[in-house]
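Numbering (the working numbering), first residue to last: 231 to 544.
So this is what it looks like as structure tokens:
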């Protein structure tokens, strides 16, 4: 009988990911270019070796059991670690990472990031760039979990994680804003918590994969509309679907155009210190792509630009 080590290969873990993404064995088989019975057989091999059921056979869809869901989560982590090992080996051989992944929090100015990517590509380096969109504690988790090499826009203290180094990027001021047609737009200031509690808040979901994540500016018992990212949050508030604290640098164009109204609250003004973080020790242990990005981030002008037009104009 095969053991867990025999069946839990990278190919097998990638197959489970494909089934999860496709939603069914038949769809996954088409995507992988194999017959459905081949997938079924390989899944049975894994189940027999582990002595568990990975999928609920009573459903026509590929519905994972609790054990299957845990294997999928851990499999994703293991595949990311395998990629990280290959990346490190490539870096040792050439000095350049085969792939360099940057995790970006939603508060980071995307146009500035694209300008940096353009400059990096102009180097002609053999490194492939990958950008990940993250939110709140998920930005740091992407780095510590080995899914990113550099995290920009970290709102937690990065140096508390083993092997992680960080520096301050700058500070971001948040303002409470609503659409002009929202009831709170004409409410007397400062807005009290009691007044805010009567209206829906728009919040960005923390992209952290483990744990409950961070929540900022929400009141207990308040109706919450949760969206995937900061652009969606701004869009929701522009439509009057709720209110909430938003980075002033991102909201300023909408405020100046009269599409958002800033309201003072009883709560003190929120100013968040934002950092960037990376994995790796001394400079000679770092890949050349990481060295290049860290060199760019040493520039005060670049750090300001990453936090939006308001900061860049100072």
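For glycine and all other residues, C-beta sits at the position ideal for the given N, C-alpha and C.
Between which residues of its own chain and residue i is the CB-CB distance below 7 Å, once the five residues before and five after are set aside?
i	result
residue 434	336, 365, 457, 459, 460, 463
residue 261	248, 252
residue 388	370, 394, 396, 505, 507
residue 234	279, 280
residue 242	272, 276
residue 478	403, 404, 405, 540
residue 329	317, 357, 358, 360
So, for residue i: in the same chain, excluding its five sequence neighbours on each side, which residues have a beta-carbon less than 8 Å away from its beta-carbon?
i	result
residue 172	Lying before the first or after the last residue shown, residue 172 is absent from the chain, which here runs from 231 to 544.
residue 294	250, 284, 285, 286, 302
residue 268	259
residue 349	526
residue 340	334
residue 346	523, 526, 532
Could you check how far apart the C-beta atoms of residue i and residue j are, in whole angstroms? I think they sit under 8 Å.
i	j	result
residue 332	residue 378	6 Å
residue 482	residue 399	In fact, because the Cβ distance is near 18 Å, the residues do not count as touching under 8 Å.
residue 297	residue 282	4 Å
residue 480	residue 538	6 Å
residue 519	residue 327	5 Å
residue 319	residue 407	Not a contact, Cβ separation roughly 48 Å.
residue 409	residue 490	7 Å
Name the two residues that bound the continuous alpha helix (DSSP H) containing residue i.
i	result
residue 251	240-252
residue 525	518-527
residue 421	That residue, residue 421, is in no alpha helix (DSSP H); it is neither H nor E in DSSP.
residue 485	478-486
residue 259	255-262
residue 237	234-237
residue 373	367-374
residue 532	530-536
residue 286	No alpha helix (DSSP H) holds residue 286; DSSP gives it neither H nor E.
residue 515	That residue, residue 515, is in no alpha helix (DSSP H); it is neither H nor E in DSSP.
residue 461	460-468
Start and end of the beta strand (DSSP E) containing residue i?
i	result
residue 338	Careful: residue 338 lies outside any beta strand (DSSP E) and carries neither H nor E.
residue 215	For the chain, the structure presents residues 231 to 544; residue 215 sits outside this window and is missing.
residue 431	431-434
residue 456	454-457
Beta-carbon within less than 6 Å of residue i's beta-carbon, same chain only, minus the 5 sequence neighbours each way: which residues are those?
i	result
residue 442	Below a pLDDT of 50, predicted positions are generally treated as unreliable, and residue 442, at 47, falls in that range; the measurement from the model is reported next regardless. Excluding residues within five positions, none has a Cβ falling inside 6 Å.
residue 384	369, 370, 505, 507
residue 523	380
residue 530	none
residue 266	255, 256, 259
Name the DSSP bridge partner or partners of residue i?
i	result
residue 358	329
residue 395	508
residue 403	501
residue 495	421
residue 381	333, 507
residue 473	431
Take every Cβ of the region 267-275, pair it with every Cβ of the region 306-322, and state whether three or more of those distances are shorter than 8 Å.
Segments in contact, no.
How do the region 487-503 and the region 349-359 stand: do at least 3 beta-carbon pairs fall below 8 Å, yes or no?
Output reads no: the region 349-359 does not touch the region 487-503.
Three or more C-beta pairs below 8 Å linking the region 484-498 and the region 417-430
Contact holds between the region 484-498 and the region 417-430, because three or more Cβ pairs, one in each stretch, are under 8 Å apart.
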